[in-house]
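Just below is one structure, and these are the notes that go with it.
In mature numbering (1 follows the signal peptide of the UniProt record, and there is no 0), the protein residues as written are -22 to -1, 1 to 552.
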């Protein structure tokens, strides 16, 4: 069967987007109902934005759709795909919104949202049950002769085509295994920023030589080339001493590695993507990069971030502090983190960690699976939580793996789980970005909609049930105590082991002293993840506690930092 080129481009885009939205662990995804839930959520969000754009600009729905497409960049076929979707579904959306139907009714009529024995009827906007049924029947009558419905029911899957199967498989494997999509020499470092490239781990400085990568010990003091990509190489003509030897020998270089989930990777959907009154061409400039990073922004995260903060606060990531302390640590960072990661499924992608015991510098490893061992999308959420016994076995398996891969002299810090009751307490009666224009969608309604679609990332904490929220926090405390027990009773040959509480109440107190409110520390679109400010404030707390309790973990301050800057400038940047 022959498919239009526009369909191909649109489907590849949706493939990336669907993986980006998959914040539930893959082993927990309930099959077709999960993918239907994603389709439903995407449709409701998109139709809501179109409706609000028309309202804000006092325009027709057709003009609003074209306005939205005009905002999108050309990269990744975003603008082209948008116009294709408008061409395909626009006339039906215009008819339905013209009948004053809400976005969720529109999406059920278009069959992006489905109701069956497994998936109940879900709605985001308030509407009495009797009005809902009549509105839905009316919508179906409007679409009775629609050619769009035939297209939707065809069940086409572009990735099943032979000439596209390989690229689809490679994208999926890159995301699943958390390794760079573009890595010529297969050393797990890349010259490409996204698709698990140098946004996630130090940029390769020679992608045709697998012995050259960030974090390794210098080859022959890097007389002829920069083998560890820290930007320091060659010989000082004044005395004939290699720069790497002069500036880095004895300075105790070390890298920072995060074993984390979407919070550690800094999952972030900018609210201006959903807020009609704030949308512009500028709003979407970073959309291609975000999609190819699975809607994560590790380059701005609290652990491995290397870019200046966009939030305006002075605090820096742990990596930037390590680099400031010793410029020989330049580019030695790895974010081995994944949406939906937990102690249960870390084994599926921990092999993406790049460290060689024989040839690499030691590393500081921060184990920060802070949510998904108690958070899941299941209706009966408590039985699906990790038990203390399972946590113990999972973490010991991870530590055994690290002991066989980390160079001697490394350090591992186990990070406890937070008390997530602050999520509901801070947000439930506030308006979600989709509901701010007309004051019609609170976070309580948004959480309920996600739960109905089996997409709520944390049914335990993002729930109106206070007893359930308390039970979830109790389990989180039990798992933290398990981590603490491991840290205080187990020893390993190649690293020492520590434990830190995730004391989010300290972050809230710090922020309130600066005049802020707790809700300002939470990602506004998903209502679940700590935002950039919270991530950096937490990094600051972690750094201070390490400096106070275990200062040897951070290594010495390099007295040659100013000379490194004088000779090598920014050391090639990031």
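We put the beta carbon where it would ideally sit given N, CA and C, even for glycine.
> By Cβ distance, which residues of its chain are closer than 7 Å to residue 512, with the 5 residues on each side in sequence left out?
Replying inline: 485 and 499
>> Beta-carbon within less than 7 Å of residue 523's beta-carbon, same chain only, minus the 5 sequence neighbours each way: which residues are those?
In response: 478
> Just how far apart, CA to CA, sit residue 366 and residue 329?
Replying inline: 24 Å
>> I want to check one thing, is the minimum distance from the CB of residue 76 to the heavy atoms of the ligand MG below 8 Å?
In response: Absence of the ligand MG is noted for the structure shown, with no ligands found whatsoever.
>> Could you compute how far the alpha carbon of residue 194 sits from the alpha carbon of residue 200?
In response: 11 Å
> Would residue -21 be called buried (16 or more neighbouring beta carbons within 10 Å of its own) or exposed?
Replying inline: Note on residue -21: pLDDT 39, under 50, position unreliable in the model; no value is reported.
>> Among 340, 21 and 327, whose alpha-carbon lies nearest the alpha-carbon of residue 152?
In response: 327
> With which residues is residue 476 paired in a DSSP beta bridge?
Replying inline: 391
> How should residue 10 be labelled, buried or exposed, when 16 other C-beta atoms within 10 angstroms of its C-beta is the threshold for buried?
Replying inline: Residue placement at residue 10 is flagged as unreliable, the pLDDT there being 47, under the threshold of 50; the coordinate-derived value follows with that caveat. It counts as exposed.
> To the nearest angstrom, how far is it from the Cα of residue 246 to the Cα of residue 223?
Replying inline: 41 Å
> In its own chain, which residues sit with a C-beta less than 8 Å from the C-beta of residue 262, not counting the 5 before and 5 after it?
Replying inline: 49, 50, 51, 56 and 251
> With DSSP run on the structure shown, which of helix, strand or coil describes residue 519?
Replying inline: helix
> Taking the alpha-carbon positions, what's the residue 538 to residue 303 distance?
Replying inline: 10 Å
>> Assess contact between the stretch 420 to 430 and the stretch 397 to 407, defined as three or more Cβ pairs (one per stretch) separated by less than 8 Å. Is contact present?
In response: yes
> In the DSSP assignment, what residue or residues form a beta bridge with residue 342?
Replying inline: 234 and 389
> When the distance is taken between beta carbons, is residue 160 closer than 9 Å to residue 168?
Replying inline: yes
> What residues match up with residue 420 in a beta bridge as DSSP calls it?
Replying inline: 409
>> Closest to residue 111 by C-alpha separation, out of 93, 123, 124 and 126, would be which residue?
In response: 93
>> Quick check on residue 174: does DSSP put it in helix, strand or coil?
In response: coil
>> Bridge partners for residue 213 per DSSP, in chain order?
In response: 220
> What distance in whole Å lies between the Cβ atoms of residue 351 and residue 364, which are believed to be in contact at a cut-off of 8 Å?
Replying inline: 4 Å
> In angstroms, rounded to a whole number, what distance separates the CA positions of residue 429 and residue 357?
Replying inline: 7 Å
>> Could you tell me the alpha carbon to alpha carbon distance between residue 595 and residue 105, rounded to whole angstroms?
In response: The displayed coordinates of the chain run from -22 to 552. Any statement about residue 595 would go beyond what the structure contains.
> Looking at the structure shown, is residue 543 part of a helix, part of a strand, or coil, going by DSSP?
Replying inline: helix
> Can you tell which of 181, 91, 150 and 460 has the C-alpha that lies nearest to the C-alpha of residue 551?
Replying inline: 181
>> So, for residue 84: in the same chain, excluding its five sequence neighbours on each side, which residues have a beta-carbon less than 6 Å away from its beta-carbon?
In response: 25 and 74
>> In whole angstroms, give me the CA-to-CA distance for residue 415 and residue 393.
In response: 39 Å
> Can you name the start and end residues of the beta strand (DSSP E) that residue 312 belongs to?
Replying inline: 311 to 315
>> Rounded to whole angstroms, what is the Cα-Cα separation between residue 192 and residue 509?
In response: 28 Å
> Taking Cβ positions, are residue 306 and residue 231 nearer each other than 9 Å?
Replying inline: yes
> Taking Cβ positions, are residue 391 and residue 342 nearer each other than 9 Å?
Replying inline: yes
> For the 8 Å Cβ check, are there 3 or more pairs between the stretch 425 to 439 and the stretch 368 to 375?
Replying inline: no
> Since residue 297 and residue 234 are thought to touch, with beta carbons under 8 Å apart, how far apart are those beta carbons, to the nearest angstrom?
Replying inline: 5 Å
> Who are the near neighbours of residue 453 in its chain, counting only those whose CB is closer than 7 Å to its CB and skipping five residues on each side?
Replying inline: 352 and 363
> In this structure, does DSSP put residue 447 in helix, strand or coil?
Replying inline: helix
> Just to confirm, are residue 204 and residue 183 a CB contact at a threshold of 9 Å?
Replying inline: yes
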